[in-house]
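A.B. asks: Quick one: the structure is below, questions incoming.
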Amino acid sequence: MYKQNFVVSRQTFANLLKELENMGLVSRKVIDGRPPRVEYSLTEKGKELARILDELDEILQK
Numbered sequence: 031m032y033k034q035n036f037v038v039s040r041q042t043f044a045n046l047l048k049e050l051e052n053m054g055l056v057s058r059k060v061i062d063g064r065p066p067r068v069e070y071s072l073t074e075k076g077k078e079l080a081r082i083l084d085e086l087d088e089i090l091q092k
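Heads up, this note's numbering is the position in the sequence shown plus 30, with the first residue counted as 1.
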């Protein structure tokens, strides 16, 4: 899989996560504790999109 490192601001990253959540691609889980934490994970829809993107990447690498 093609990977690229890039830097984004915290606000930009937070906005991206919110948008992905609104599209149903990731789910958000708040974990109680001190400090509280938030975990994000791919939904089934997000996993399916990841599989499609992986297949597309394989085609493009040929």
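Backbone N, C-alpha and C fix where the C-beta goes; we use that ideal spot for every residue, glycine too.
On a predicted model such as this, the values are computed, not experimentally measured, just so you know.
Cα-Cα, which of Ile61, Glu88, Ala44, Thr73 is closest to Leu55?
C.D. replies: Out of Ile61, Glu88, Ala44, Thr73, Thr73 has the C-alpha closest to the C-alpha of Leu55.
A.B. asks: Identify every run of the beta strand (DSSP E) within the stretch 34 to 64, keeping only runs that are complete inside it and at least 3 residues long; order them along the chain.
C.D. replies: Taking only runs of at least 3 residues, the beta strand (DSSP E) segments lying wholly in the stretch 34 to 64 are 56 to 61.
A.B. asks: Could you name the residues that DSSP lists as bridge partners for Leu83?
C.D. replies: Answer is none; Leu83 lacks a bridge partner.
A.B. asks: Which residues does DSSP pair with Leu72 in a beta bridge?
C.D. replies: Answer by DSSP bridge pairing, in chain order: Val56.
A.B. asks: Tell me which same chain residues have a C-beta within less than 6 Å of the C-beta of Lys59, skipping the five on either side of it?
C.D. replies: Excluding residues within five positions, the ones whose Cβ falls inside 6 Å are Glu69.
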